[in-house]
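Some notes on the structure that comes next.
2 protein chains.
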Amino acid sequence: MARPSKKEHLVDTAVKLFGRDGFNATGIDKILQEAGVARMTLYKHFKSKDELILAALRRRDEQFRIWFKSAVEKTGGSPAQRLLASFDALEEWFEGRAFGGVPFTGCSFINAAAEFSASNHPAHQMAGEHKRLLMEYLRLLASSAGARNPDQLAWEIALLHDGAIVAAQVSSDSNAARGAKEIARVLMKQQGVSLPEEGRAVTAQC
Amino acid sequence: MARPSKKEHLVDTAVKLFGRDGFNATGIDKILQEAGVARMTLYKHFKSKDELILAALRRRDEQFRIWFKSAVEKTGGSPAQRLLASFDALEEWFEGRAFGGVPFTGCSFINAAAEFSASNHPAHQMAGEHKRLLMEYLRLLASSAGARNPDQLAWEIALLHDGAIVAAQVSSDSNAARGAKEIARVLMKQQGVSLPEEGRAVTAQC
DNA sequence: ATAAATATACAGACCGGTTAGTCTTCTAAA
DNA sequence: TTTAGAAGACTAACCGGTCTGTATATTTAT
């Protein structure tokens, strides 16, 4: 019953538990129990745990990128402002204000690449694809913002994102996003991207 | 026999295998076999696998920081040049030219924080300590280089390091270190750190 | 409308393999 | 002779994965 439900719910639960406890450390049984789903229902939809892992990463990629885009765009600023707003989105995430208050446990894709270190492992490759798609979005913003070299700026900002993620995860550095944002400001300026007045929104100038 | 050997060799083997295959995915048996050491010899020196993991991380921290410092300092340049040389060291590492040609599989501490996500887990905390110690070294260099705000510059460069590590690991981006180096150049300039002529060593000016 | 057939999902026993960790026996060297 | 270490059996738990059986719907045929 509720055809859209069982498989979806299983994948959602897997996303949550894999993200929280890791892939190898999370057993099938825990997922089944948490999801309230029978064993054979899982193996009807997925032929192995590895396939469930891939499905969970696919879902996470989709979920994350949708959230990220909307978090960046809800500010409604110019492309340049949106590039900066991406760091505010990271801060939301780090502080557990994103994804319904789920505590931050690092980027699932960085974590996946860590656990599945062989670069030809499907999960590892999916991690690379996720980062590539995020960078593609940044490249679009950089281009719209009038960067002299949009590819380079997107690459740089992506690197700042990952650096901030690592700092937030490994060192519990709650200011990582803000610090990275300041670096981004410098790099954008260097690329000829013009921002409105420093530290004040262009629309609410009192 | 060879008193210094057994325990040390065990830890060295653990460093290698944990680094290559991950912590949860590496069983005790594999380490024992690879090291050619008996089971009880392990449990004579460590009361659990967790303790072996911590010992391996301690060794890796020591090994990595010694290598990193010497790789940075063998260039023999000024403090400012050494800050930049740190990115060349990363490149060596990424390309498998460090640690006796062991292929790069990411930073063991980032990986540890990924597998042991609870921030109060000893391995996770050791990862934070490792990053802190590396940053301390960078702070010293930044200070000697005459940075206006050495703490900030060290923090920024550490973030660039981690960003480059993630890019190299997740996306197999072989230019990650060079790209990060260029960003560092900008940030150092902004901090009033003066470099000799661009792209040419100060001692070998032909 | 009623009855049979089909599909879906749950519950749980079960399997072989592997895990971390303990214990005992044997060997070789100091 | 003493002792460190190798070898390997052993335990208890857990792993991913399979199999059986049952209950409940929905669909189809009569």
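From first to last, the protein sequence lines are chains X and V. In this text, residue positions in the first sequence follow this note's numbering: the first is 168, and each later residue adds one. In this text, residue positions in the second sequence follow this note's numbering: the first is 168, and each later residue adds one. Glycine included, C-beta positions come from ideal geometry on N, C-alpha and C.
query                                                                                                                                                                             : result
Cα-Cα, which of ARG206(X), ILE220(X), GLN357(X) is closest to THR193(X)?                                                                                                          : ILE220(X)
Rounded to whole angstroms, what is the Cα-Cα separation between PHE185(X) and GLY186(V)?                                                                                         : 21 angstroms
Could you list the residues in the stretch 323 to 353 of chain X with a C-beta less than 7 angstroms from some C-beta on chain V, going in chain order?                           : GLU323, LEU326, LEU327, ASP329, GLY330, ALA331, VAL333, ALA334, GLN336, VAL337, SER338, SER339, GLY346, ALA347, ILE350, VAL353
Can you tell me which of GLU303(X), GLN292(X), GLY359(X), ASN287(X) puts its alpha carbon nearest to the alpha carbon of GLY313(X)?                                               : GLY359(X)
Given a cut-off of 7 angstroms, decide if ALA321(V) and LEU305(V) are closer than it, judged by their beta-carbon atoms.                                                          : yes
Mapping DSSP to helix, strand and coil, what is ARG266(X)?                                                                                                                        : For the sequence presented, residue 266(X) should be read as Phe rather than Arg. Helix at PHE266(X).
Grouping DSSP H, G and I as helix and E and B as strand, with all else coil, what is ASN316(V)?                                                                                   : coil
Just to confirm my understanding: we take ALA290(V), look at its own chain, exclude 5 residues before and 5 after, and list those with CB closer than 7 angstroms. What are they? : ILE220, LEU221, LEU224, ALA279, PHE283
In the structure shown, what three-state DSSP assignment does SER172(V) receive?                                                                                                  : helix
With DSSP collapsed to three states, give me the class of ASN287(V).                                                                                                              : coil
Just the C-alpha distance for LYS404(X) and LYS241(V), rounded to the nearest angstrom, thanks.                                                                                   : As displayed, chain X neither begins before 168 nor continues past 373, which places residue 404(X) out of reach and without an answer.
CB-CB under 7 angstroms to CYS274(V), same chain, minus the five flanking residues each way: which ones, in chain order?                                                          : ILE332
What's the gap between the Cα of ILE350(X) and the Cα of GLN357(V)?                                                                                                               : 10 angstroms
So, is the C-beta of GLY359(V) closer than 7 angstroms to a C-beta in chain X?                                                                                                    : no
For ARG359(X), which three-state DSSP category applies?                                                                                                                           : Checking the sequence, you will find Gly at residue 359(X) rather than Arg. DSSP places GLY359(X) in coil when its eight states are reduced to three.
Can you pull out the residues from the stretch 169 to 188 of chain V whose beta carbon lies closer than 8 angstroms to at least one beta carbon of chain X?                       : ARG187, ASP188
Does the distance from the C-beta atom of ALA161(X) to that of PHE276(X) stay below 7 angstroms?                                                                                  : Coverage of chain X is limited to positions 168 through 373, which leaves residue 161(X) absent and any answer about it impossible.
Would you please verify whether the beta carbon of SER286(X) is less than 7 angstroms from any beta carbon of chain V?                                                            : yes
Apart from the five residues on each side of it in sequence, which residues of its chain come closer than 6 angstroms, Cβ to Cβ, to GLU259(V)?                                    : ALA265
Return the Cβ separation of ALA181(V) and LEU362(V) in integer angstroms, given the expectation that the two are a contact with Cβ distance under 8 angstroms.                    : Contact doesn't hold; Cβ gap of about 41 angstroms is too wide.
List, in chain order, every chain V residue whose beta-carbon is nearer than 7 angstroms to that of ILE277(X).                                                                    : ALA281, VAL333, VAL337
Thinking C-beta only, is ALA343(X) closer than 7 angstroms to ALA335(X)?                                                                                                          : yes
For HIS212(V), which residues from the same chain have a beta carbon less than 6 angstroms from its beta carbon, with the 5 sequence-adjacent residues on both sides left out?    : LYS174
Residue ranges of each alpha helix (DSSP H) run of no fewer than 4 residues wholly in the stretch 211 to 284 of chain V, ordered along the chain?                                 : 216 to 240, 246 to 261, 275 to 282
Please list, in chain order, the chain V residues whose beta carbon lies closer than 7 angstroms to that of ALA321(X).                                                            : Under the 7 angstroms cutoff, chain V gives no residues; its nearest Cβ is about 11 angstroms from ALA321(X).
Cβ of ALA265(V) less than 7 angstroms from any chain X Cβ?                                                                                                                        : no
Mark GLN292(X) as exposed unless 16 or more other C-beta atoms lie within 10 angstroms of its C-beta, in which case mark it buried.                                               : buried
Would you mind giving the Cβ-Cβ distance between GLY263(V) and PHE271(V), rounded to the nearest angstrom? I have them listed as a contact below 8 angstroms.                     : 6 angstroms
Does chain V have any CB closer than 7 angstroms to the CB of ASN316(X)?                                                                                                          : no
What residue from ASN316(V), ARG345(V), ALA294(V), GLY330(V) has the CA that sits closest to SER151(X)'s CA?                                                                      : Residue 151(X) lies beyond the stretch modelled for chain X, which goes from 168 to 373, so this question has no answer here.
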